[in-house]
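Reading through the structure tokens given below for one structure.
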Amino acid sequence: MFDSGFGGLTVARALMDLIPSEDLVYIGDTGRYPYGSKPLAEVQTYSHELARSLVDDFDVKAIVVACNTATAAGLDEIRAELPVPIIDVVEPGARALVTATTSGRVGVIGTVGTVSSGAYVHAIARSGAPVHLVSAACPGFVEFVERGQTVGDEVTVLAERLLAPIREANIDALLLGCTHYPFLARTISDVLGPAVTLVSSADETAFAARDRLTELGLLRSGGVGTHRFLSSGDIDLFRELGGRLLGPELAHTERWPLQGA
Ligand code: DGL
Numbered sequence: 326m327f328d329s330g331f332g333g334l335t336v337a338r339a340l341m342d343l344i345p346s347e348d349l350v351y352i353g354d355t356g357r358y359p360y361g362s363k364p365l366a367e368v369q370t371y372s373h374e375l376a377r378s379l380v381d382d383f384d385v386k387a388i389v390v391a392c393n394t395a396t397a398a399g400l401d402e403i404r405a406e407l408p409v410p411i412i413d414v415v416e417p418g419a420r421a422l423v424t425a426t427t428s429g430r431v432g433v434i435g436t437v438g439t440v441s442s443g444a445y446v447h448a449i450a451r452s453g454a455p456v457h458l459v460s461a462a463c464p465g466f467v468e469f470v471e472r473g474q475t476v477g478d479e480v481t482v483l484a485e486r487l488l489a490p491i492r493e494a495n496i497d498a499l500l501l502g503c504t505h506y507p508f509l510a511r512t513i514s515d516v517l518g519p520a521v522t523l524v525s526s527a528d529e530t531a532f533a534a535r536d537r538l539t540e541l542g543l544l545r546s547g548g549v550g551t552h553r554f555l556s557s558g559d560i561d562l563f564r565e566l567g568g569r570l571l572g573p574e575l576a577h578t579e580r581w582p583l584q585g586a
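Take a look at the structure:
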């Protein structure tokens, strides 16, 4: 699996808990993060490199794209080119969101890239659920997570400003449409209040991955999987902050060499 940085660790946690027998290779592209403010074509190039490396260098049997922005940038080319199933976070997240609402008024927050792509508008429309969707981009949230600053006055002030349109929209369920955002759940929940259920796509994506592997006869049935964590940026920071965010499994990190570097 891959993400621009630490965000995909929310999906890694869910996956490791649900299917502990599977070996996992996680690449955090911290050397080139953030993805959310970059042109989608550039993000697509990065995703392509990461996915290709997972197949060629690590011989993976499936890829989880643990990044909404990379999914929003488009995975068609990767899906067509690579010989392994590609599981993304957008469809599972949209499914979880429409299940979580009772009022039919829902929201999604994500990076500028994800929200401007309309990926969730399309996914919700495809689900056929009769819901009213409000979206907001939250530039700056990812940077706080990447600094390990998930609570405090500064992040609360930013959340109050960015989430104002969501608060006014009278929704009862909000999808955290960026894999970094579950690390800010406490702040987001404090700002929106207890009437809004926060939905993370992490669990639903893990279920989708398990179901897909099962369908294809690829699910490993026993044993304990190995977990490898790589980063294209500072691997000591990745180990230190990643270990705090994910847990003890992230005790060792390796370098993923940037192409052309
Ligand atoms: N975690 C990523 C996502 O789900 C992207 C964060 C970023 O690099 O901007 O969209």
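For the sequence shown, the working numbering begins at 326 and goes up steadily by one. For glycine and all other residues, C-beta sits at the position ideal for the given N, C-alpha and C.
Integer-rounded CB distance, given that residue j should sit under 8 Å from residue i
i, j, result
"residue 507", "residue 527", "6 Å"
"residue 504", "residue 414", "6 Å"
"residue 333", "residue 358", "Residue 333 to residue 358, Cβ: 11 Å. No contact."
"residue 512", "residue 489", "Rounded, the Cβ-Cβ distance is 14 Å, inconsistent with contact."
Contacting residues, own chain, Cβ-Cβ under 6 Å from residue i (five flanking each side not counted)
i, result
"residue 491", "432 and 461"
"residue 475", "508 and 509"
"residue 487", "463"
"residue 469", "480"
"residue 444", "397 and 415"
"residue 327", "352 and 375"
"residue 442", "397"
"residue 473", "566"
"residue 584", "374"
Given residue i as reference, the closest of the options once Cα atoms are compared
i, options, result
"residue 403", "387, 418 and 416", "387"
"residue 480", "516, 548 and 416", "516"
"residue 501", "477, 482, 478 and 529", "529"
"residue 370", "398, 348 and 382", "398"
"residue 496", "449, 468, 522 and 477", "522"
"residue 361", "458, 439, 446 and 537", "439"
"residue 547", "344, 337, 327 and 334", "344"
"residue 384", "351, 405, 401 and 366", "351"
"residue 409", "376, 498, 335 and 518", "376"
"residue 373", "396, 483 and 569", "396"
"residue 494", "467, 434 and 400", "434"
"residue 532", "418, 427 and 363", "418"
"residue 365", "428, 405 and 437", "437"
"residue 465", "482, 459 and 569", "482"
"residue 454", "363, 378 and 429", "429"
"residue 412", "382, 569, 536 and 363", "536"
"residue 498", "401, 382, 427 and 582", "427"
"residue 569", "405, 367 and 471", "471"
"residue 367", "400, 382 and 405", "400"
Same chain, Cβ closer than 8 Å to residue i, neighbours up to 5 away in sequence not counted
i, result
"residue 580", "555, 556, 557 and 560"
"residue 578", "554, 555, 556, 560, 561, 563, 564 and 567"
"residue 380", "388, 407, 408 and 409"
"residue 572", "338"
"residue 457", "429, 430 and 431"
"residue 582", "557"
Chain D contact for residue i (CB, 9 Å cutoff)
i, result
"residue 432", "Structure shown: chain D not included; a single protein chain is present."
Residues near residue i in its chain [Cβ-Cβ closer than 7 Å; skip 5 each side]
i, result
"residue 552", "341, 349 and 574"
"residue 550", "345, 346, 347, 348 and 349"
"residue 525", "335, 501 and 507"
"residue 538", "387 and 544"
"residue 520", "497"
Going residue by residue through the stretch 413-494, where are the continuous beta strand (DSSP E) segments of at least 3 residues, counting only ones entirely within it? 430-435 and 457-462
Counting only runs that start and end within the stretch 362-392, where is the alpha helix (DSSP H) found for 4 or more residues in a row? 365-383
Pair every Cβ in the stretch 388-399 with every Cβ in the stretch 536-543, then say whether three or more of these pairs are closer than 8 Å. no
Fully enclosed by the stretch 537-586, which alpha helix (DSSP H) runs are 4 residues long or longer? 560-571
Would you check if the stretch 416-427 and the stretch 445-458 touch, i.e. whether three or more CB-CB distances between them fall below 8 Å? yes
Entirely within the stretch 487-536 and at least 3 residues each: give me those beta strand (DSSP E) ranges in chain order. 498-501 and 522-525
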